[in-house]
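In our numbering, the protein residues as written are 4 to 477.
This is how it looks when you write it as structure tokens:
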């Protein structure tokens with residue numbers, strides 16, 4: 004892989020492109036990219052249930068109806084503009100790196116990578132949570148731990164076989180895993196009582212659980228940017244894929260939520276992760292429950308694959324930028340995949356998967372929140388710093404409008420921080436301090452020449468730009 008800059012503008016950012024070995028690899032096209040984005044963000048309505056437990060049906064419905072407009076749409080717009088302007092592996096790391104220099108780029112990469120692997124760790128847990136309803140032996144103890152370990156290893160190997168395979172697998176997994184919800188929603192229509200949608204619940208609201216559930220289910224739109232170098236014609240494909248993915252994801256959450264909250268009346272405390280399967284049994288019988296649980300397993304596979312791909316390709320992009328040693332960007336000779344990134348991401352997620360599921364989600368959200376503040380700042384600063392930069396897709400707002408667009412989701416990010424628990428503050432604080440320490444450790448390794456780095460693209464923040472190479476034919 005090589006990072007180059009086009010001759011169209013002296014201010015353009017480096018773009019990670021395939022070298023001669025990788026150029027024959029299959030690129031991601033529109034439909035697989037839509038489903039990869041879908042699995043980066045959602046993967047279906049699995050995991051939305053705690054929003055009802057936390058605040059009742061009405062606030063849960065309003066949350067999944069309104070939150071996409073104040074969070075998902077702005078994040079998707081930013082991703083569309085910057086991914087089409089800088090279509091290289093590394094995504095948001097490239098944006099922060101060129102906006103503010105190597106330190107902020109490294110912090111962005113570390114925070115987003117940590118939130119990514121924490122998120123990856125949650126999916127085997129979610130998968131086993133649904134499976135233990137079919138096989139109670141998996142509820143605890145060594146059978147549960149072995150199942151989490153085995154699923155992580157097998158799914159990591161599937162990721163190793165290639166992004167094109169993962170993309171088409173995501174299409175199949177997405178359609179099959181959503182099919183039981185289509186059936187359940189249709190069967191629920193005659194049983195829906197509209198007044199149930201207006202219920203505020205019967206227990207004290209748990210705002211921490213409520214906001215974290217919304218955030219976890221509707222964020223990570225920018226994760227797909229780390230795969231930009233693997234997308235066919237990204238300048239045209241990315242905006243379309245993000246548009247369709249936003250619509251698809253919102254519908255996939257809202258329709259089953261409306262169906263179940265309207266058709267089923269149960270104690271609010273039962274709305275925990277996995278309740279959709281119980282609701283399916285009440286609406287259609289045991290066969291529908293089993294179908295939902297099978298769909299949950301498939302969804303968890305898709306979520307794992309999409310998130311693991313983003314984390315692995317992000318490390319490759321950071322290596323190309325000189326923020327990590329070159330060996331982080333090594334690719335497999337057989338499948339042309341970044342095997343070092345896949346291995347490291349898998350090992351870290353495996354270790355984290357034995358944390359409490361709620362703590363996993365909250366920690367991922369908190370770390371991701373810190374990274375998003377840097378991303379918003381990078382987006383606005385790049386508009387000011389590089390106004391003439393060619394942007395195939397451009398958010399149709401001037402800088403004051405962009406500031407307002409970013410302030411609205413930033414207010415929500417503050418809520419995530421305010422409602423975090425002590426354990427989340429502790430874990431996130433340690434990770435942030437570790438990210439700072441990691442930057443200085445890497446710089447020490449660079450100065451002592453302990454590892455080989457890509458020095459051509461490294462920018463320590465002194466304003467120096469990489470050399471410009473003619474690559475306008477991309």
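Backbone N, C-alpha and C fix where the C-beta goes; we use that ideal spot for every residue, glycine too. For clarity, every value in this text was computed on a predicted model and none was experimentally measured.
Applying the 10 Å Cβ sphere with the 16-neighbour rule, what's the burial state of residue i?
i, result
"residue 225", "buried"
"residue 163", "buried"
"residue 172", "buried"
"residue 198", "exposed"
"residue 403", "exposed"
"residue 15", "In this prediction, residue 15 has a pLDDT of 43, which is less than 50 and means its spatial position is unreliable; what the coordinates show is noted afterwards. Residue 15 should be labelled buried."
"residue 103", "buried"
"residue 227", "buried"
"residue 292", "buried"
"residue 341", "buried"
Taking residue i as the reference, which of the options has the closest Cα?
i, options, result
"residue 264", "325, 282 and 276", "282"
"residue 67", "255, 122 and 124", "255"
"residue 116", "251, 170 and 311", "311"
"residue 343", "146, 431, 413 and 160", "160"
"residue 258", "155, 376 and 181", "181"
"residue 336", "79, 165 and 270", "165"
"residue 252", "457, 76 and 458", "76"
"residue 53", "123, 72, 297 and 220", "220"
"residue 295", "176, 90, 385 and 243", "176"
"residue 218", "269, 51 and 152", "51"
"residue 46", "405, 303, 271 and 391", "303"
"residue 453", "427, 425, 328 and 385", "328"
"residue 389", "63, 153 and 89", "89"
"residue 189", "266, 48 and 351", "266"
Beta-carbon within less than 6 Å of residue i's beta-carbon, same chain only, minus the 5 sequence neighbours each way: which residues are those?
i, result
"residue 382", "81"
"residue 135", "141 and 142"
"residue 98", "85 and 381"
"residue 331", "318, 322 and 343"
"residue 248", "37, 40 and 41"
"residue 25", "With a pLDDT of 43 at residue 25, under the threshold of 50, the modelled position of that residue is not reliable, and the figure given next carries that caveat. Within the same chain, residue 25 has close Cβ partners 339."
"residue 274", "52, 55 and 56"
"residue 203", "59 and 61"
"residue 278", "52"
Leaving out five residues before and five after residue i in sequence, what residues of the same chain have Cβ atoms less than 7 Å from its Cβ?
i, result
"residue 93", "19, 229, 317, 320, 321, 323 and 324"
"residue 375", "416"
"residue 434", "117 and 370"
"residue 242", "83, 87 and 396"
Where does residue i sit, in a helix, a strand or coil, going by DSSP?
i, result
"residue 458", "helix"
"residue 203", "coil"
"residue 234", "strand"
"residue 134", "helix"
"residue 39", "helix"
"residue 31", "strand"
"residue 52", "coil"
"residue 213", "helix"
"residue 224", "helix"
"residue 356", "coil"
"residue 303", "helix"
"residue 104", "coil"
"residue 424", "coil"
"residue 404", "helix"
"residue 335", "coil"
"residue 396", "coil"
"residue 388", "helix"
"residue 99", "helix"
"residue 122", "helix"
"residue 73", "helix"
By Cβ distance, which residues of its chain are closer than 8 Å to residue i, with the 5 residues on each side in sequence left out?
i, result
"residue 168", "161"
"residue 422", "210, 211, 214 and 215"
"residue 179", "298 and 301"
Using beta carbons (cut-off 8 Å, strictly below), is residue i in contact with chain D?
i, result
"residue 91", "The structure shown contains no chain D; it is built from a single protein chain."
Segments of 4+ residues assigned as alpha helix (DSSP H) that fall wholly inside the stretch 157–207: Scanning the stretch 157–207 for uninterrupted alpha helix (DSSP H) segments of 4 residues or longer gives 166–191, listed from N- to C-terminal end.
Entirely enclosed alpha helix (DSSP H) segments - the stretch 244–324, minimum 4 residues: Entirely contained in the stretch 244–324, the alpha helix (DSSP H) runs reaching 4 residues are, in chain order, 278–287 and 289–323.
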